[in-house]
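Undergrad: This is the structure I have questions about; it appears just below.
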Amino acid sequence: GKKSPPEPIEAGARARPVTLALDWVPEPEFGGFYAGRADGAYARHDLRLEIQGGGAGVPVLQMVATGRADFGTVGADEVIIAQARGADVVALYAVFQTSPQGIMVHAARKLQKLEDVFHSGTLALETGLAYAAFLKKKYSWDGVKIVPYDGGVARFLSDASFGQQCYVSSEPIAARKKGAQPAVFLIADSGFNPYGTVAITRRALLEQNPALVESFVLATREGWQDYLEHPSPTNALLHTLNPSLDEATLSAAADAQRPLISSEDPTRGGLGRMQKARWQVLADQLFDLKLIDRRAVVDDLFVAL
Amino acid sequence: MKEPASWRTLWQHALAALPPVVTFSIVIAVWEGAVRAFSVPAFLVPPPSAVLLVAWRERVALGGSLITTARGACFGFLLSVTVGAFVGFVFSLSRWLERGLYPYALFLQTVPIVAVAPLLVLWFGAGLRAVSVSAFIVSVFPVIANTLAGLRSVDPRLSDLFRLYGASLPDSVLKLRLPSAIPSVMTGLKVASGLSVIGAIVGEFVAGFSEGNAGLGITVLSAYRQLRTDLLFAAVLSASLLGLSLFALVSAVSAVLLGRLRARG
Amino acid sequence: MKEPASWRTLWQHALAALPPVVTFSIVIAVWEGAVRAFSVPAFLVPPPSAVLLVAWRERVALGGSLITTARGACFGFLLSVTVGAFVGFVFSLSRWLERGLYPYALFLQTVPIVAVAPLLVLWFGAGLRAVSVSAFIVSVFPVIANTLAGLRSVDPRLSDLFRLYGASLPDSVLKLRLPSAIPSVMTGLKVASGLSVIGAIVGEFVAGFSEGNAGLGITVLSAYRQLRTDLLFAAVLSASLLGLSLFALVSAVSAVLLGRLRARG
Amino acid sequence: MLQNIDLELEAGSFVALVGPSGCGKSTLLRFISGLEAPSTGTISLARGVNSQLMTPPRLAFVFQDAQLLPWRTVLDNVALPLELQTMSRKEARERAKHPLSEVELGDVHDRFPDQLSGGMRMRVSIARALVTEPEILLLDEPFAALDELTRQRLDERLHRLWLARKMTVVFVTHALAEAVFLAERVLVMSKRPGRIVLDHELGLPERRGMELRTQPAFVRQTALLYAALAEHGALDDQEQKT
Amino acid sequence: MLQNIDLELEAGSFVALVGPSGCGKSTLLRFISGLEAPSTGTISLARGVNSQLMTPPRLAFVFQDAQLLPWRTVLDNVALPLELQTMSRKEARERAKHPLSEVELGDVHDRFPDQLSGGMRMRVSIARALVTEPEILLLDEPFAALDELTRQRLDERLHRLWLARKMTVVFVTHALAEAVFLAERVLVMSKRPGRIVLDHELGLPERRGMELRTQPAFVRQTALLYAALAEHGALDDQEQKT
Ligand SMILES: Nc1ncnc2c1ncn2[C@@H]1O[C@H](COP(=O)(O)OP(=O)(O)OP(=O)(O)O)[C@@H](O)[C@H]1O
Ligand SMILES: Nc1ncnc2c1ncn2[C@@H]1O[C@H](COP(=O)(O)OP(=O)(O)OP(=O)(O)O)[C@@H](O)[C@H]1O
Ligand SMILES: [Mg+2]
Ligand SMILES: [Mg+2]
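Residue numbers (the numbering used here), protein chains in the order written: chain W, 4 to 308; chain C, 20 to 284; chain V, 20 to 284; chain G, 371 to 612; chain H, 371 to 612.
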């Protein structure tokens, strides 16, 4: 049955308006933000959150770095690169503890491990992605034809030798719905595992108003907690924002991403917490890949709130 | 020579509407037939029946998106018309200005929106304004080029006449150059009308949307990713419909203006 | 009235090249100055010096990409010229054909490439062919619209003349309509030249090769991803350079043709 | 515009058409040429000249404006009708030279129309009409832009040409003396709406030279036409107003 | 084109310019109007008519082609020069009515140029020149497309206008009788390249009517011009060739 989305709980008059710029269109990977807004988590922390849905190539880093948006979502690798380029942004909250990025191939090809996808067939990969550089360095590619990733799965369905990058919560579900049998290899298994959907802010805001930033993080955590437990009201909302996602797809996506969000040992802290060690690994990997010129100062990259 | 504006003209209007209707029916029939005959997978090309169905089911969402995109496209188109006509006019004043500045106008046309997206979003904010500017960037060049060509096409003998009577610049623009340029300008506007729609959609890809009113661009992106090809086609056809409406508007204005301009004496 | 083609013409050619050089210098100076004065962060807008530097360092890669994209753009442009001129001509033969088929031409212009990307790749394979078709789709409409407008602008009195002498259709096309249409067609080609470059780049976004001889579209995407704004600008400027070259070529051809067509009698 | 005019043209005759400005002479020529069909009334052309004028009998029309193709040189403009009859370009250009020298433009082959004077453009247009050796020749004030001397020379040449080729000529002119000098038969039209008010056989000798212009018969005929025009061509209402 | 011509025009004089087709009459008018500057040689206009002709002395030019704006009605075409002198549209249209009736076109105010006959277009162009009440009036074969009667009526009207307003008129014509009828002074030009071969004061009475055309002095003067033209206007080489 169809549930109508809940009315958002209004924030108080004192509530400070803040904006969050997403790097893609509203999908379950942002569910916690919408849930937090709908169930009043942000309002309880005196925030009135405006969520700006994104698209292909939204300049989230630039928007946050220049103050066009107070918060944004990007990948952890992008945070490091942004700092190296002079955009002073700081990571606050990591939605995905395990990177949700993967490579999806047809199960019928009977490929055993990630490495195998680089030796035959066609592979759609977005160029310029950090993990593409990593995989290329780690597994020498031969016999595979690389084409640009176009965001869809049509070519995957029409070509049995076609593989492509994916978000585990998105493309495999779409492909399965059309009757394909995709096998998914997580990029994280290769040793390259940046946090995914990381909420960031600009350092200036963090320094001027740490309380505000902390409120945002706390509210976000509550929102995600809520979404992990009760995804369906938020999914109903997401459906209205993004009608191409039906509710079955939404709940399948929510299920698929849950282990990647809460997989980490809860003793390390609540949802969204990040470890310095992992940032360090990532920073070293990016440096080795020559994606940044200098070694990053890991303590500058994130704050643990 | 005028006939009574009665049955005859009515009949003619009906006839004028016939060809699009006929070809539309043929196209739809062939499309549906081909999809069925070759059993083309629906995720590649859906049959028109499926597209119509989803368009009907999602009519509210699609309608909303259409309006959002229409606003961006229309603002961008209006910007193009005014700025493009003005720039074309300025270029027509002097070969020097033209030579010096034309490359920058051309630059606007060859720059991928994604490359200037950060600047667009930073300067104009996400949403309507950035989308309008994107529509503008994509559609302004044809207006400039055609305005310039039109203004340059003034009959030199008529220019002589105006020179002789010491016409002021505004007079010579309003009473000679503009009327002479109108056919060409109108062609530019026809080209720009379609481009402004695609400009708005591409703008929406990168400028995203403020909440609640996602444009067709977002629908396209997201339907594409979800392989909802029927919805994708419905969105694309809505965009074409929008382009067609703008085009029809321009054509109507053009017909009226050209009618008033008459044939060459 | 002709002067000896000596110092005077040489001097005039030098003068003609002056305005672009002057404005270019000014633009570069202002850009560099503004970036420094307001300390614009380099990830937003890099100073031209940085762009030049990276362009020089990456000259081999950029050059290769430029050539790849140039091939796609040129093929697409040639396709647009031939197909667009032909379609414009067919439309000019009858108002019925025009009314019935124009909407589909317009459709080409409003369809986002990403929406038809799977079909493009499926039908034409990834790489040059799909990219050329993308360039074609984006740039064909201005050619159609301007060809049609040009062919429609034939002086009716000259048509009478041809009718009187029982001119065959090919004769009346080649000897009357085409020469009359050339100014307008050339304007269409100028617009199309820039569009074909952007069409090629957008085509590469979705249907290009990422490995081997990747085009500028791939460079743009990956520079954008990695926030290498200087490289991004260098790639975009290369694309503009490509557009400018195509445009200059069309302009030169147009100048020769129009010179031969003379002013109106 | 025109009140139903019933016109018979004999094959090989030379008919002059005179009448006040705006009475419909050019329109009548367009009807005869088949470029336009009368909305009311009929044009019937009998005896040898059938109504499908566009094809079998070669027809040429010198319009009131020169109507040259601005992108073609003088020679190429004259060669055009031959090219349209599928003659090779080279041969057409060769054949175009003679009519051009007939209209005294042998020395401007390679100019473009915008480099010519008004009278020269008109003469190019005449040469273009002559080049096809038409059987029916319609001329709409062809010599109006020429000085009297050139005009008289061309009058004489046209007359000789007509005698030699025996083509049917319909000649609109405002110069009554020219009409009398050239034509066998003169039609005088009344002012708007145009009717044919006089259909007159001149009955002058076939061979005509300069000397004809001073003969009494010539002067008498001219005066007769003048009178007919004066009677029907005056814009009486307007005259009284101003 | 033209061999250095030294021309003095007296303010208020009526000068006719005749010469063979293509000799440079239109070009000379363009030089006088200031629309073009001679590439070699000088044009010097003395006594009252200074060389900045474009501004202080109001100048009007009837070109050889009518050159109307196709998108304006007859009335609006005539009103144009006034509008360009910053008169309101309404008043300009009002003032345009009189010159239009002077050229016998009072009844076609609202037609567009493409709905007019050739002669009517020319007359609209004349009305447009008269509407500004110019001090200098340049006319390039204004009446060539008109029938003889209309032409004579307009000749007379132009003459009366000139007497009344005492403007300077330069009048190009091919009709020698018209030149003699209208002008005080006639310039005869030779064939290409054009020189002024005769600069002749006619010395006929100022007031001229229909009756003048039959007087011996008139006929004598016409014959004199004819002789001058015949001597210098014949295209001798060409003549021999054909
Ligand atoms: N396209 C048109 N629409 C309406 N009326 C027209 C059109 N063309 C011509 N007319 C009118 O038809 C009448 C006859 O025109 P036509 O050109 O035949 O005159 P004409 O006898 O050749 O005059 P002229 O000696 O001045 O050339 C004129 O009154 C003119 O205004
Ligand atoms: N733009 C031009 N370029 C080159 N030559 C030209 C140009 N315009 C006119 N001419 C030439 O100049 C000469 C004079 O032309 P103009 O128009 O002054 O003659 P005209 O005396 O007015 O003749 P007509 O009585 O036939 O109108 C002609 O031989 C013509 O070929
Ligand atoms: Mg006529
Ligand atoms: Mg002349």
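Glycine included, every Cβ here is placed at the ideal spot set by N, Cα and C. On a predicted model such as this, the values are computed, not experimentally measured, just so you know.
Is the beta carbon of C:Ala92 less than 7 Å from the beta carbon of C:Val275?
TA: Your numbering for residue 92 of chain C matches position 73 in the second sequence. Your numbering for residue 275 of chain C matches position 256 in the second sequence. It is not a contact, given that the beta carbons lie outside the stated cut-off.
Undergrad: Can you tell which of W:Phe219, W:Leu95, W:Val67 has the C-alpha that lies nearest to the C-alpha of C:Ala145?
TA: Taking the second sequence and counting its residues from 1, the one referred to as residue 145 of chain C is at position 126. The option with the nearest alpha carbon to C:Ala145 is W:Val67.
Undergrad: Unbroken beta strand (DSSP E) runs of length 3 or more, entirely within the stretch 98-152 of chain W: which are they?
TA: Entirely contained in the stretch 98-152 of chain W, the beta strand (DSSP E) runs reaching 3 residues are, in chain order, 104-109, 125-127, 148-150.
Undergrad: According to DSSP, is W:Ile83 part of a helix, a strand, or is it coil?
TA: Taking the first sequence and counting its residues from 1, the one referred to as residue 83 of chain W is at position 80. W:Ile83 falls in the helix class under three-state DSSP.
Undergrad: So, does the CB of V:Leu188 fall closer than 7 Å to a CB anywhere in chain G?
TA: If you number the third sequence from 1, residue 188 of chain V lands on position 169. Taking Cβ atoms only, chain G never reaches closer than 7 Å to V:Leu188, which makes this a no.
Undergrad: Is the shortest distance between the beta-carbon of W:Ser247 and the beta-carbons of chain C less than 7 Å?
TA: Counted from its first residue, the first sequence places residue 247 of chain W at position 244. True, the Cβ-Cβ gap to chain C drops below 7 Å.
Undergrad: Per DSSP, what kind of secondary structure is C:Pro122 in: helix, strand or coil?
TA: If you number the second sequence from 1, residue 122 of chain C lands on position 103. Three-state DSSP puts C:Pro122 in a helix.
Undergrad: Could one say the Cβ of W:Gly56 lies closer than 7 Å to chain V's Cβ atoms, at least one of them?
TA: As a position in the first sequence, residue 56 of chain W is number 53, starting the count at 1. Not one chain V Cβ lies under 7 Å of W:Gly56.
Undergrad: Return helix, strand or coil for H:Glu581, following the three-state DSSP convention.
TA: Here residue 581 of chain H refers to the residue found at position 211 when the fifth sequence is read from its first residue. Three-state DSSP puts H:Glu581 in a helix.
Undergrad: Our contact map puts C:Thr129 next to V:Ser259 with C-beta atoms below 8 Å; I'd like the distance itself, whole angstroms only.
TA: Sequence index remark: in the second sequence, residue 129 of chain C carries index 110 (1-based). Sequence index remark: in the third sequence, residue 259 of chain V carries index 240 (1-based). Going by Cβ atoms, the distance from C:Thr129 to V:Ser259 rounds to 5 Å, so yes, they are a contact pair.
Undergrad: For W:Pro246, does the count of other Cβ atoms within 10 angstroms reach 16, so buried, or fall short, so exposed?
TA: As a first step, residue 246 of chain W is located in the first sequence; it is residue number 243 there, counting from the start. The residue in question, W:Pro246, is buried, as its Cβ has 16 or more Cβ neighbours within 10 Å.
Undergrad: Under 7 Å between beta-carbons, which chain D residues line up against C:Leu197? List them in chain order, please.
TA: Checking the listed chains, one finds no chain D in this structure; the protein chains it contains are W, C, V, G and H.
Undergrad: Can you list, in chain order, the residues of its chain whose CB lies under 8 Å from that of W:Gln184, leaving out five sequence neighbours each side?
TA: Against the first sequence, residue 184 of chain W aligns to sequence position 181. For W:Gln184, where only same-chain residues beyond five positions count, the Cβ hits under 8 Å are His109, Ala110, Ala111.
Undergrad: Taking Cβ positions, are V:Ala61 and W:Gly89 nearer each other than 7 Å?
TA: One-based indexing of the third sequence puts residue 61 of chain V at position 42. One-based indexing of the first sequence puts residue 89 of chain W at position 86. Result yes, Cβ atoms of V:Ala61 and W:Gly89 sit closer than 7 Å.
Undergrad: Is the distance from the Cβ of H:Ala547 to the Cβ of H:Val556 below 7 Å?
TA: Sequence index remark: in the fifth sequence, residue 547 of chain H carries index 177 (1-based). Sequence index remark: in the fifth sequence, residue 556 of chain H carries index 186 (1-based). Not closer than 7 Å, so no.
Undergrad: Does the beta carbon of V:Ser58 come closer than 7 Å to any beta carbon on chain C?
TA: Position 39 of the third sequence holds residue 58 of chain V. Closer than 7 Å: no.
Undergrad: Any Cβ of chain G within less than 7 Å of the Cβ of H:Leu387?
TA: What you label residue 387 of chain H is simply residue 17 of the fifth sequence in a count that begins at 1. No, because no Cβ of chain G sits closer than 7 Å to the Cβ of H:Leu387.
Undergrad: Residues of the stretch 62-84 of chain C in Cβ contact with chain V at a cutoff of 8 Å, in chain order, please.
TA: Per Cβ criterion, the list reads Leu63, Val64.
Undergrad: Please classify V:Asp86: is it buried, with 16 or more other beta-carbons within 10 angstroms of its beta-carbon, or exposed?
TA: Against the third sequence, residue 86 of chain V aligns to sequence position 67. One point to set straight first is that residue 86 of chain V is Ile, not Asp, in the sequence displayed. Label assigned to V:Ile86: exposed.
Undergrad: Check C:Tyr243 in the structure and name its three-state DSSP category.
TA: Against the second sequence, residue 243 of chain C aligns to sequence position 224. Correct three-state label for C:Tyr243: helix.
Undergrad: If you draw a straight line from the alpha carbon of G:Ala416 to that of V:Ala186, how long is it in whole angstroms?
TA: Taking the fourth sequence and counting its residues from 1, one reaches residue 416 of chain G at position 46. Taking the third sequence and counting its residues from 1, one reaches residue 186 of chain V at position 167. Bear in mind that a pLDDT of 46 at G:Ala416, under 50, signals an unreliable position, so the number given afterwards is only what the model happens to contain. So the two alpha carbons sit approximately 26 Å from each other.
Undergrad: Do you know offhand how far W:Tyr230's Cα is from C:Pro66's?
TA: Reading the first sequence from its first residue, position 227 is the one you call residue 230 of chain W. Reading the second sequence from its first residue, position 47 is the one you call residue 66 of chain C. Whole-angstrom Cα-Cα distance: 37 Å.
Undergrad: Drop a sphere of 10 angstroms on the beta-carbon of H:Leu486, count the other beta-carbons inside from all chains shown, and report buried for 16 or more, exposed for fewer.
TA: Translated into the one-based positions of the fifth sequence, residue 486 of chain H becomes position 116. H:Leu486 is buried by the Cβ-count criterion.
Undergrad: So, do the stretch 432-451 of chain H and the stretch 499-506 of chain H have three or more beta carbon pairs nearer to each other than 8 Å?
TA: Yes, they touch.
Undergrad: Within 7 Å of any Cβ in chain W, is that where the Cβ of V:Gly227 sits?
TA: The residue given as residue 227 of chain V occupies position 208 in the third sequence. Taking Cβ atoms only, chain W reaches closer than 7 Å to V:Gly227, which makes this a yes.
Undergrad: Should H:Ser487 be listed as close to ligand 1, given that the test is whether its C-beta is under 6 Å from any heavy atom?
TA: Here residue 487 of chain H refers to the residue found at position 117 of the fifth sequence. Yes, Cβ of H:Ser487 sits closer than 6 Å to a heavy atom of ligand 1.
Undergrad: Going by DSSP in three states, H:His570 sits in which element: helix, strand or coil?
TA: For the purposes of this step, residue 570 of chain H is taken as the residue at position 200 of the fifth sequence. Looking at H:His570 - three-state DSSP - the assignment turns out to be strand.
Undergrad: Can you check DSSP and say which residues form a bridge with V:Leu174?
TA: Counting from one through the third sequence, the residue named residue 174 of chain V turns up at place 155. For the sequence presented, residue 174 of chain V should be read as Asp rather than Leu. According to DSSP, which records beta bridges pairwise, V:Asp174 is partnered with nothing at all.
Undergrad: Of the residues that make up the stretch 429-445 of chain G, which ones have a beta carbon closer than 9 Å to any beta carbon in chain V?
TA: Answer set for the stretch 429-445 of chain G: Leu429, Ala430, Phe431, Phe433, Asp435, Ala436, Gln437, Leu438, Leu439, Pro440, Trp441, Arg442.
Undergrad: Would you kindly work out how many angstroms separate the C-alpha atoms of C:Gln245 and C:Val54, rounded to a whole number?
TA: The residue you call residue 245 of chain C lines up with position 226 of the second sequence. The residue you call residue 54 of chain C lines up with position 35 of the second sequence. So the alpha carbons of these two residues sit roughly 21 Å apart.
Undergrad: Determine, using beta carbons only, whether C:Val192 comes closer than 7 Å to chain W.
TA: Start at 1 with the first residue of the second sequence, and residue 192 of chain C comes out as number 173. Not closer than 7 Å to any Cβ of chain W, the Cβ of C:Val192 fails to qualify, so no.
Undergrad: Taking all protein chains shown into account, decide if V:Phe43 is buried (16 or more other Cβ within 10 angstroms of its Cβ) or exposed.
TA: Reading the third sequence from its first residue, position 24 is the one you call residue 43 of chain V. It is exposed - the Cβ of V:Phe43 has fewer than 16 other Cβ atoms within 10 Å.
Undergrad: So the alpha helix (DSSP H) G:Leu398 belongs to, where does it begin and stop?
TA: For the purposes of this step, residue 398 of chain G is identified with residue 28 of the fourth sequence, where counting begins at 1. G:Leu398 -> alpha helix (DSSP H) spans 395-403.
Undergrad: Measuring from the CB of G:Gln434, is there a heavy atom of ligand 5 at a distance below 6 Å?
TA: As far as ligands go, the structure on display features ligand 1, ligand 2, ligand 3 and ligand 4 and does not contain ligand 5.
Undergrad: CB-CB under 7 Å to C:Val109, same chain, minus the five flanking residues each way: which ones, in chain order?
TA: Looking up residue 109 of chain C in the second sequence gives position 90. Here the set comprises Leu116.
Undergrad: With a threshold of 6 Å (Cβ to nearest heavy atom), would G:Arg562 be considered close to ligand 1?
TA: Sequence index remark: in the fourth sequence, residue 562 of chain G carries index 192 (1-based). Correct: G:Arg562 has its Cβ closer than 6 Å to ligand 1.
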